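A short worksheet on the structure shown next.
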Amino acid sequence: MNDPVLVEVQNVSRYYGERPAIRDVSFTIRRGEVLGFLGPNGAGKTTTMQVLSGNLAPSSGRVLIDGHDLLDDPRAAKAAIGYLPENPPLYRELTVDEYLDYCAALNRIPKPQRREARETAKARCGLKDAGRRLIGNLSKGFQQRVGIAQAIIHLPPLVILDEPTVGLDPIQIREIRNLIRELGRDHGVILSTHILPEVQATCDRVQIIHKGRLVLNDSIEALAHHLKSATLVAGFRQAPDIARLQALPGVTAVQAEDESRVRIFFDPALDPTDAVVRLATDAGWGLHEIAPEKLSLEELFVELTASTGNTTEAAA
Amino acid sequence: MIFTIALRELRTLFLSPLAWSILAVVQLILAFLFLARVELYQIYQPQLAALDNAPGVTEIILPDLLGNAAIVLLLVVPLLTMRLVAEERRNKTLALLLSAPVSMSEIVLGKYLGVLGFLFIVLALIALMPLSLLLGGGIDLGLMLAGFLGLAFLLAGFAAVGLFMSTLTQHPTVAAIATFGALLLFWVLDWSGKGADAAAQGNWLAYLSLFNHYKPFMEGLFSSADAVYHVLLIATFLVLSIRRLDADRLAG
């Protein structure tokens, strides 16, 4: 946690005309940290990424990257970032090598070192044998890799990846996630996605954005805590006696899903899992499944936005 | 950095068939017109020889060639400049340039120089035609130099207007049509004034006309006022392009 601060976002807002895309967003990223930026579509993820990468100017607030203000000293600030937008900015008519050489030149890598930079980036992104192929002929997964190679070719302290795994097959997704974890060792990485498991698989810290506001900024462990709800789902071979379940200590309500499955709501202070298992074996219901119910991302948003709504009301 | 961008623009042009077909078509049409003019000169050569103070071969062939070249290129330049920014915006590749440590002026100048490089290749190929007359006789190199300098200025102006139009939209065809319209308007502005000395009569519309500032060059006259006109035109549209791209970032 004592690594130097790479990015400082201070009270950034961005309006499209009258419509706010992000409102008063502040956060920091440290070196060696993978920050997951989670939100449903249209929450303001991409806008935040665009502001961070200098593609959009914030309407108010400021962004410091590696100590340089993005508006006052854009060149130094932009030299410290590598950015993969939602649609990888690829020139389809160039070969991978030509394209990466161009990116290296754009990022002011001195000529003698460009070849090495290009080869390193290719090796890291699994593009070793694709150097002479035309980008336009590559598959979506490979294009995505070229996009990532482009973002890391100049070894920027901060790598910004906007939905890097969209459109990839499961194997490619795993490879990209491994790559992101690896990048996280010596770069700061900020990654946006609307897929909850992706954040859990790759990130150290998570931020949730909803309707342009940050509603959660926490470590991944804390997120797991948020995700646990006070609900159990249990499946039985024989139809259980709802009344007896309801009578267990801590159980607040029991809802029958169908003949043999029930959803049990309970008081978080008194976890009735053991009691349910015991009751089921004693009664011979044939318990074959019991699990705490995890919140889906949508439910998490509802919970978080509802609770922040409450606190602001309380504060007011 | 500017040259890195310019070089890529130029290379990309030659990676598509567009550049080659433009070079071929322009060369073919102008060569045809050039040869027709040479033939005309051959027919009238005996009469011309009888005249005192007869116009030379350069004087007869070159202004005609330059005039035709200007018209043909007026049609062609919009096709070259239309994709400069519009296509990058459409393919969302602009983000690459915007997030690189490159300033907006460098991006605009790079793209401009890239397309200018191509236009100068066109210019060099056109220049080969009158130069080929050196095989059979002498030509007035001073007249030719002035004429091609004028054409270079003209093309640089065309390209600047085209680049600006390309920054306005994400549809290359819209950029092409807008450029074509703007250039044609600049070209025909002098029709309102009737005559080259319109400026003297205070007709500012005619004074703004591109054609009026190109004609003296065709006749071998280098006037710094005309050169300054072209430089101002180019600078204006380049600055407008930079401002326009900056506004994109600010206003989204």
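Chains as they are written, first to last, in the numbering used here: chain A, 1191 to 1506; chain B, 382 to 633.
All C-beta atoms, glycine included, are put in the ideal place defined by N, C-alpha and C.
Note that the structure is predicted; figures quoted are calculated from it, not measured.
Contact list for residue i against chain C, beta-carbon separation under 9 Å
| i | result |
| --- | --- |
| Lys473(B) | The structure shown contains no chain C; its protein chains are A and B. |
Proximal residues of chain A, C-beta to C-beta of residue i below 7 Å
| i | result |
| --- | --- |
| Ala481(B) | Lys1268, Leu1296, Asn1297 |
| Arg389(B) | Tyr1292 |
Inter-residue Cα distance where the pair is residue i and residue j
| i | j | result |
| --- | --- | --- |
| Glu487(B) | Asn1297(A) | 13 Å |
| Arg630(B) | Ala556(B) | 20 Å |
| Gly472(B) | Phe501(B) | Rather than Gly, the amino acid found at residue 472(B) in this sequence is Asn. Roughly 28 Å between the two C-alpha positions. |
| Val1349(A) | Glu1493(A) | 30 Å |
| Ala400(B) | Phe499(B) | 8 Å |
| Tyr1281(A) | Ile1480(A) | 52 Å |
| Asp1256(A) | Asp1376(A) | 14 Å |
| Gln428(B) | Ile441(B) | 14 Å |
| Ala632(B) | Arg1371(A) | 35 Å |
| Gly1226(A) | Arg464(B) | 36 Å |
| Ile1339(A) | Met546(B) | In the sequence under discussion, the amino acid at residue 1339(A) is Ala, which differs from the Ile named in the question. Distance between the alpha carbons of Ala1339(A) and Met546(B): 33 Å. |
| Val1380(A) | Val1224(A) | In the sequence under discussion, the amino acid at residue 1380(A) is Ile, which differs from the Val named in the question. Ile1380(A) and Val1224(A): Cα-Cα distance of roughly 6 Å. |
| Gly517(B) | Leu416(B) | 14 Å |
| Phe395(B) | Leu494(B) | 15 Å |
| Pro1279(A) | Lys596(B) | 44 Å |
| Ile1325(A) | Thr1285(A) | 5 Å |
| Leu522(B) | Ala450(B) | 18 Å |
| His1344(A) | Gly1272(A) | 8 Å |
| His1258(A) | Leu536(B) | 41 Å |
| Ala1295(A) | Arg1304(A) | 7 Å |
| Pro1387(A) | Gly1207(A) | 34 Å |
| Phe567(B) | Leu589(B) | 7 Å |
| Asn1201(A) | Ile386(B) | 35 Å |
| Asp1431(A) | Arg1451(A) | 11 Å |
| Ser1249(A) | Gly1402(A) | 13 Å |
Where residue i falls: helix, strand or coil (DSSP)
| i | result |
| --- | --- |
| Gln1436(A) | helix |
| Pro1210(A) | strand |
| Asp1457(A) | coil |
| Val1199(A) | strand |
| Ala1446(A) | strand |
| Gly531(B) | helix |
| Ser513(B) | helix |
| Phe1426(A) | strand |
| Ala635(B) | As displayed, chain B neither begins before 382 nor continues past 633, which places residue 635(B) out of reach and without an answer. |
| Val1379(A) | strand |
| Val609(B) | helix |
| Phe413(B) | helix |
| Ile1385(A) | coil |
| Ala1233(A) | coil |
| Asp627(B) | helix |
| Phe501(B) | helix |
| Ala579(B) | Note on Ala579(B): pLDDT 49, under 50, position unreliable in the model; the coordinate value appears next. Three-state result, Ala579(B): helix. |
| Arg1221(A) | coil |
| Ala1295(A) | helix |
| Ser480(B) | helix |
| Pro1346(A) | coil |
| Glu420(B) | helix |
| Tyr595(B) | helix |
| Asp445(B) | helix |
| Pro1482(A) | strand |
| Asp1352(A) | strand |
| Ser397(B) | coil |
Closer than 7 Å at the beta carbon, the chain B residues around residue i
| i | result |
| --- | --- |
| Gly1232(A) | What Gly1232(A) touches in chain B: nothing, since even the nearest Cβ is about 15 Å away. |
| Ala1373(A) | It is worth fixing the name first, because residue 1373(A) is Leu in this sequence and not Ala. Those do not exist, as Leu1373(A) stays about 17 Å from chain B at its closest Cβ, beyond 7 Å. |
| Ser1203(A) | Ordered by position in chain B, no residue passes the 7 Å Cβ test against Ser1203(A), which lies about 13 Å from the chain. |
Neighbour list for residue i in chain B, Cβ cutoff strictly below 9 Å
| i | result |
| --- | --- |
| Arg1265(A) | Pro482, Val483, Ser484 |
| Ser1243(A) | Ala476, Leu479, Ser480 |
Residue i: contacting residues in chain A (beta-carbon distance under 8 Å)
| i | result |
| --- | --- |
| Leu399(B) | In chain order: nothing, as chain A lies at least about 11 Å away. |
| Leu396(B) | Glu1283, Leu1284 |
| Thr385(B) | Tyr1292, Ala1295, Leu1296 |
Listed by chain order, chain B residues near residue i by CB distance under 8 Å
| i | result |
| --- | --- |
| Ile1271(A) | Ser480 |
Cross-chain neighbours of residue i in chain A, by beta carbon under 9 Å
| i | result |
| --- | --- |
| Thr393(B) | Tyr1281, Glu1283, Leu1284 |
Residue i Cβ short of 6 Å to the ligand HEM heavy atom set
| i | result |
| --- | --- |
| Gly538(B) | The ligand HEM is not part of this structure, which contains no ligands at all. |
Legend entry - Interface residues of the stretch 516 to 539 of chain B facing chain A [CB-CB below 9 Å]: none
Inset, instruction - Quick one: which residues of the stretch 1403 to 1414 of chain A get their C-beta closer than 7 Å to a C-beta of chain B? List them in chain order. - result: none
Inset, instruction - Below 7 Å between beta carbons is the criterion; list the residues of the stretch 1299 to 1327 of chain A that meet it against any residue of chain B, in chain order. - result: none
Inset, instruction - Could you tell me which uninterrupted alpha helix (DSSP H) segments, each at least 4 residues in length, are contained entirely in the stretch 1390 to 1421 of chain A, listed from first to last along the chain? - result: 1410 to 1417
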